[in-house]
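Some notes on the structure that comes next.
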Amino acid sequence: AAITCWEKGCDRSFRLPCAAEGECVTQFFGLHRSFCWQHCPEQAVEVALEESSTCLLCMDLVRDRKSYGAMVCPACQHAYLHRRCIQKQATHASTCFHCLRCLNQDQFVTETLTTGI
């Protein structure tokens, strides 16, 4: 079964297993909305990414904060994380899922849900 982008006027559709490969976002809460790569929600925080910014989990460089592949904690705005790393953390953390730098849970979890993590 195909999923259609939630954005009004967009007729792109995709299959759930292919969504991650196509950088689509599916929000697994509320209305369970899905967005194509062009209409996926972006983080609202405006933080300048330093050249030496590294992921708190894998310690590799985070090349672009405003992308599908990375995010910054909306609470402290200093914790940079790769999408794949956050997803692994969420799987293992269960109810203790929070920012590893500032320990914020509310804003951090809300942001990960909104961005489809």
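Add 74 to a position in the sequence shown, counting from 1, and you land on the number used in this note's numbering. Even glycine gets a Cβ: it sits at the ideal position worked out from N, Cα and C. These numbers come from a predicted model, not from an experiment.
C-beta contact flag for residue i and residue j at 8 angstroms
i	j	result
C114	V99	yes
C173	C159	no
R157	A144	yes
S126	Y154	no
DSSP three-state assignment for residue i, whether helix, strand or coil
i	result
C129	strand
T186	helix
A93	helix
Residue span of the beta strand (DSSP E) that contains residue i, given as start and end
i	result
T165	Note, T165: premise wrong, no beta strand (DSSP E); alpha helix (DSSP H) at 157 to 167.
I77	76 to 78
Residue i - partner residues in DSSP beta bridges
i	result
R175	DSSP output for R175 lists no bridge partner at all.
L105	L105 is not bridged to any residue.
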